[in-house]
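Notes follow the structure.
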Amino acid sequence: MKTMAFASRNYKEMTREWLTLLFGFAFPSLLLFLLTLIQSNIPNEPFHIEQLTPGIALFSLSFISLFAGMLIASDRECSFLLRLFTTPLRSQHFILGYTLPLFLLALVQMTFCYLIAFFLGLPLSINIFWSTLTLLPAALLFIAIGLLAGSVCTTKQVGGICGAVLTNLCAWLSGAWFDVSLIGGWFEAVAYSLPFVHAVEASREALSGHLIDTLPHVGWVFLYAIGMSVMAVFTFKRRMRYV
1 MKTMAFASRN YKEMTREWLT LLFGFAFPSL LLFLLTLIQS NIPNEPFHIE
51 QLTPGIALFS LSFISLFAGM LIASDRECSF LLRLFTTPLR SQHFILGYTL
101 PLFLLALVQM TFCYLIAFFL GLPLSINIFW STLTLLPAAL LFIAIGLLAG
151 SVCTTKQVGG ICGAVLTNLC AWLSGAWFDV SLIGGWFEAV AYSLPFVHAV
201 EASREALSGH LIDTLPHVGW VFLYAIGMSV MAVFTFKRRM RYV
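In full-length UniProt numbering, the protein residues as written are 1 to 243.
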C-alpha cells in the first residue's frame, strides 16, 4: 500500500510535465514517420519498417532515463525525499515507487511506437508482442540509469547526461537506423560491447519470428540491466543513509 501510494504520486508528477512527455512520445514517432517516408522514395531498403521499428522503440526508451533522473533529482533538490526519509517508508518502497510508474510509461511508449508503425505498414502479428517483450530488459536498464543519475546529479546535470549524452549514445551505437557493421572497426566493437545494439537486434529477431536467436542478445542486455540496477539501488540506499 505504501509503495502504491508513492508510485501514484510519482505517476502524477510525471504526467504534470506534459511537455517533456509529449516530446518523449512525439520525437521518436516523428523520426519513424520521416524515415519511412524516405524509404518510400528510394530504391533499396535501409529503412524497412520491420527493421526500423525496433530501433525507434529502443530509442524512445532512452527518454525514460531522462524522466526518471529528472523526477528523482527534483525531489532531492526540493527536500521532498529528505522529508520522506523521516517516514516509515523503507528503501524498497522508494525504489519500487519510482520504478513501477516508469515501467508502465515504458510499456505505453513501446506500444505507442508499434501502433504508429502499424499505421505506417507494419504487419499485425503475434511477433509484435514478442518484439516488445524482448525490449523489457532494456526498459529496466534505462530506468536504472535514470535512478542512478537522479541519485547523484542535479536536474541540470541529469538533463545533460540523460537528455543529451545517453540519447546520442543510443542513437549512434544501437544500429537503430543503420547497420553498425557498415562502419566496422573500433566503432562496431564498441557498439557490440554495449547493450543498445543487442536490444535492437533481439527485438528485430523476435519481430521476424526467430525467437531462439534473441536469447544471446537478450542475455547481454539483461546482464547490463541487472548490473546497472544493483549500482542504482546501492547508490540510492547510500544517499538515504547519509542525508
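Every residue, glycine too, gets a C-beta built ideally from N, C-alpha and C. None of these values were measured; they are calculated from a predicted model.
Contact annotation: the segment 162-169 does not touch the segment 88-102, with fewer than three C-beta pairs closer than 8 angstroms. In the three-state scheme derived from DSSP, where H, G and I count as helix and E and B as strand, residue 176 is classed as coil. Under the Cβ criterion (8 angstroms, minimum of three pairs), the segment 177-191 does not count as touching the segment 109-121. Inclusion of residue 225 and residue 123 in the CB contact set at 8 angstroms is not warranted, their separation being larger than that value.
Taking 8 angstroms as the cut-off, the beta carbon of residue 146 is found closer than this to the beta carbon of residue 64.
Residue 74 and residue 154 have their C-alpha atoms roughly 8 angstroms apart.
In this structure, residue 158 and residue 70 form a Cβ contact; the two beta carbons are roughly 5 angstroms apart against a cut-off of 8 angstroms.
For a cut-off of 8 angstroms, the C-beta gap from residue 161 to residue 102 is around 17 angstroms, too long to register as a contact. Here residue 211 is actually not in contact with residue 120; their C-beta atoms are around 24 angstroms apart, not less than 8 angstroms.
In this structure, residue 151 keeps its C-beta atom at 8 angstroms or more from the C-beta atom of residue 9.
Shown here for residue 176: same chain residues with a beta carbon closer than 7 angstroms to its own, the five before and five after excluded, namely 55, 56, 58, 59, 200 in chain order. Membership of residue 26 in the alpha helix (DSSP H) is indicated by the continuous run 18-39. A distance below 8 angstroms separates the beta carbons of residue 148 and residue 235. Between residue 218 and residue 132, the CB-CB gap reaches or exceeds 8 angstroms. Beta-carbon to beta-carbon, residue 165 and residue 180 are separated by about 18 angstroms, too far to satisfy the 8 angstroms threshold. For residue 183, the secondary structure class from DSSP, reduced to helix, strand or coil, is coil. The Cβ atoms of residue 35 and residue 52 lie closer than 8 angstroms to each other. Residue 233 sits away from residue 195, with the two beta carbons spaced by 8 angstroms or more. For residue 130, the closest C-alpha among the options 24, 203, 16 is that of 203. Counting along the chain, no alpha helix (DSSP H) covers residue 161, and no H or E run does either.
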